[in-house]
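Enquirer:
Residue numbers (UniProt numbering): 1 to 67.
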């Protein structure tokens with residue numbers, strides 16, 4: 001199982017800014033609304049994974065608990 005850091009493609013010491021930038025970059029790639037219809041199911045799953053990682057890592061308390 002990949003870590004939340006691996007999902008976002010960032011290191012363990014990533015700053016809040018780096019976390020946000022990684023999320024934005026991946027959201028632009030995997031957002032289902034931006035995908036061709038035939039890729040929507042795959043993009044939806046990947047986008048939800050990215051969203052979950054961001055939701056945990058952007059919150060300092062949740063990130064500390066995860067770490």
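Positions of the beta carbon are idealized from the N, C-alpha and C atoms, including for glycine.
Can you tell me whether DSSP reads residue 38 as helix, strand or coil?
Expert: Of the three classes helix, strand and coil, the one that applies to residue 38 here is helix, per DSSP.
Enquirer: Given 8 Å as the limit, is there contact between the segment 12-25 and the segment 38-45, that is, 3 or more CB pairs closer than that?
Expert: The segment 12-25 vs the segment 38-45: no contact.
Enquirer: What did DSSP end up calling residue 45 once you bin it into helix, strand or coil?
Expert: The answer is helix: DSSP assigns residue 45 an H, G or I state.
Enquirer: Compare the Cα-Cα distances from residue 23 to each of 3, 7, 67 and 66 and report the closest residue.
Expert: Cα-wise, what sits closest to residue 23 is 7.
Enquirer: If I measure Cβ to Cβ from residue 62 and keep anything under 6 Å in the same chain, skipping five residues before and after, which residues do I get?
Expert: If we look at residue 62 and ignore the five residues flanking it on each side, its Cβ neighbours are 56.
Enquirer: Whose C-alpha, out of 11, 25 and 47, is nearest the C-alpha of residue 32?
Expert: Nearest C-alpha to residue 32: 47.
Enquirer: To the nearest angstrom, how far is it from the Cα of residue 12 to the Cα of residue 67?
Expert: Using only the alpha carbons, I get a separation of about 9 Å.
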